[in-house]
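In the numbering used here, the protein residues as written are 25 to 881. See below for the structure under consideration.
Okay, here's the thing in structure tokens:
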């Protein structure tokens, strides 16, 4: 594999202060960069150093003069010492009593005078712990999201003439140090100052802690036992690691693959060695810890990782060139691909872009335009037709520009900072192509039910003012000989928070109701049910009676016409009205779609009486608690699936699962910065486990930044918690606002879909293929007694084929962490199932063609 664009996080820091940077397209070298180096001294580990010891220590300062903060660093072979001088605008109140003994106070210090220290052990850019301290030596410490972790640090506070002084002693083993006198970490400091007017303001050493994982906002720091510089160059030249050093130096290097907990040691003698690493050690999920020794003394230590790794287009299964002009190239890739802006044009060639779909199914293909100059194209899609004259008109095709959003913080090992493809912007007849980058044109079709099968050919024409620059792109569509149902077999419940409506400037009830209707019209296209279709329909009339007329109108629209297959009345329908509501639903044949689910935020909502409304509950982890509770459906965590438990529960309960930001690599989640195929592949996994429903906590969550403003998803892909901490990129957000900045006036356009939403819908439709295989099995089994001997023999062979293909998911997925993320392989299996269904549905006449998973290529 080739590294196209590598920005290595932070690495190999020594007295020479090294950090990785990109060189060329294949080689990554270490080059000098500024960093904080903390020398190892002879200080006693048992005492906090006095001011004289800190006099020559490395210093970091920030903040205005009247509220400044100065941090000094010392270390010995076991402990990191910090001394902080904190200036206050006026003397501390007499009531504040500094003390040399810390007091645990694990709570927020918001609005109070305090200082916060953040440490990222090993510069992994994914983890941290914090220590917050007040002038009274009250300590709040924690790890990641929790205050429940308590450090064993020592701290002391004294008043000074212009403020206060804090000293800390922190064990080096907190920084995952592998040996005495060695540590590598990222450092940031946040100081909240209380001003005389009662206001509080926070100042940062490197920037807001809401983006603490950004390398640019972290000070890299290394505790080093050796004061001399070391001139060493490291190059990544797959499939090896090349390490160079000055002639005559006798060095040793240990390389630890932090992702796989393996360590290898090599000797460096002379000018260069080549360290052979297996290809998987160059994948983007690996973090490599490098330690360099001279005469068995540590010189430097660091972690490096390619965090801007992009798989080249040649490695995208199904990618191929279509057109090559002197100043423009057009190529294609499957819809389940995230093509980087600088990905290389593939070597393979094919005469047309190709995709396939059944009747009443959506499917898409990507066309990638790379032009040497900016172009504005007028887009025209011609009617598609078969050789025997069947027509699929252009109105059934929709064109999008697949845009990219900024990922500043990687969600997990799948991701890296950079621009990732996700928002789908419908084209109003024009497509803009930026120069010298891969511009993504997304062509989608919905094949009408009943469309005759066959191979349909058409053209996508991109016209410019200069006829010589016009592009006529051939596209082929295989339509299968069967239809998918209107309602998906797998149920779904994806919640709406309303935050997207806030960003769109929608305030009045009428504006939000209209936006709700537009959002549900979009979700109908994606076969995903919102959590409650009645959300904007009052449950009761003004006199307290059930709002039958309003509920009937909404139910007919959303449940009968739009085919949403679930809704959740928790928190909306008053508990005392459930018996009447249940009878109303039964009368309209809507009871089957009703699932009562109280989320953790609605834990005080009383469930309905046991009168036929299904109860969905999170599955308790404790088997005894599980036996004590009752539910009609259990909600499982993707990262806790146990086949034995699922097999036992599934006999008497429906099984749903949820996806959340905690289900990171290697689980197939909904993150923007992960392979495009994963959300689609997850539904093949659902088929293997027999999962009945999919629950997701939000599709429109933006979260608020520390300044209180809603996040702009066009500028920052990260979703934040209520406290301003990062979750993961795109978590809880599957649709985008049509406005690129927070609206100052109501925006009445519909939300925009995402590539991840496309993959979820495609996964739901893929499951219908398996359902149709089961239906065909039942139909043919019922026919066999009525058939002739020859027909029965053929029917029995066909049943074997149908049974075999009902388990073809085994070729893609094994467990939630073991799967084949090759989108091309998924499409091959789907096409083979389609060919089998297209033939079997005509049995007993004509004979259906036979195929096998192994033979379909």
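Note that beta-carbon positions come from the ideal geometry of N, C-alpha and C, so glycine has one too. For clarity, every value in this text was computed on a predicted model and none was experimentally measured.
By alpha-carbon distance to residue 528, the top candidate from 742, 736 and 63 is 736. Using a 10 angstroms sphere on the CB of residue 392, the tally of other CB atoms reaches 16 or more, which defines it as buried. Within the model, the alpha-carbon separation for residue 515 versus residue 726 is close to 25 angstroms.
Residue environment for residue 398: exposed (fewer than 16 other C-beta atoms within 10 angstroms of its C-beta). Straight-line measurement puts the Cα of residue 694 at about 18 angstroms from the Cα of residue 775. Between the C-alpha atoms of residue 343 and residue 584 there is a straight-line separation of about 40 angstroms. For residue 457, same chain residues with a beta-carbon under 6 angstroms away, outside a window of 5 residues either side, are 393, 395, 399 and 463 in chain order. Per the Cβ contact rule, the stretch 738 to 748 is not in contact with the stretch 854 to 872 (fewer than 3 Cβ pairs under 8 angstroms). Residue nearest to residue 77 within the set 107, 90, 91 and 88 is 107 (criterion: CA-CA distance). DSSP, read as helix, strand or coil, puts residue 577 in helix.
Between residue 715 and residue 546, the CB-CB gap reaches or exceeds 8 angstroms. By the criterion of at least three beta-carbon pairs nearer than 8 angstroms, the stretch 795 to 805 is not in contact with the stretch 548 to 567. Cβ-Cβ distances below 7 angstroms link residue 688 to 435, 436 and 752 in the same chain, with the five nearest sequence neighbours on each side left out; the list follows chain order. When the five nearest sequence neighbours on each side are left out, the beta carbons in the same chain lying within less than 6 angstroms of the beta carbon of residue 770 are those of 529, 530 and 535, in order along the chain.
Judged by pairs of C-beta atoms under 8 angstroms, the stretch 848 to 858 does not touch the stretch 665 to 677, as fewer than three such pairs exist. By the criterion of at least three beta-carbon pairs nearer than 8 angstroms, the stretch 775 to 790 is in contact with the stretch 691 to 711. The residues 133, 136, 137 and 138, in chain order, have a CB closer than 7 angstroms to that of residue 158 in the same chain once the five nearest residues on each side in sequence are set aside.
In the three-state reduction of the DSSP assignment, residue 844 falls in the coil class. Residues 548 of the same chain have their beta carbon placed closer than 6 angstroms to that of residue 586, with the five preceding and five following residues left out of the count. In the structure shown, residue 787 falls within a helical segment according to DSSP collapsed to helix, strand and coil. Segment contact: the stretch 371 to 387 against the stretch 444 to 451, fewer than three CB-CB distances shorter than 8 angstroms; contact not assigned. A straight-line Cα-Cα distance of about 45 angstroms links residue 207 and residue 680. The closest CA to that of residue 506, considering only 809, 210 and 793, is found on 793. In the DSSP assignment, residue 393 forms a beta bridge with 354 and 463. The beta carbon of residue 226 sits closer than 8 angstroms to the beta carbons of 214, 215, 216 and 217 from its chain, once the five residues preceding and following it are set aside; these are given in chain order. Annotation: the continuous alpha helix (DSSP H) that includes residue 523 extends over 523 to 527. CA-CA distance, residue 91 to residue 110, rounds to 7 angstroms. The three-state reading of DSSP puts residue 420 in helix, counting H, G and I together. Cβ-Cβ distances below 6 angstroms link residue 773 to 762 in the same chain, with the five nearest sequence neighbours on each side left out; the list follows chain order. The Cβ atoms of residue 467 and residue 357 lie no closer than 8 angstroms to each other.
With contacts defined by Cβ atoms closer than 8 angstroms, residue 499 and residue 484 form a contacting pair.
Under the three-state reduction of DSSP output, residue 753 falls in the strand class. The alpha carbon of residue 833 has as its nearest neighbour, out of 818, 821, 819 and 852, the alpha carbon of 852. The shortest C-alpha to C-alpha distance from residue 377 to any of 482, 429 and 430 is the one to 482.
Sequence-distant partners of residue 473 (beyond 5 residues in either direction) whose C-beta falls short of 7 angstroms from its own C-beta, in its chain, are 383, 384 and 507. Straight through space, the alpha carbons of residue 854 and residue 574 are spaced by roughly 42 angstroms.
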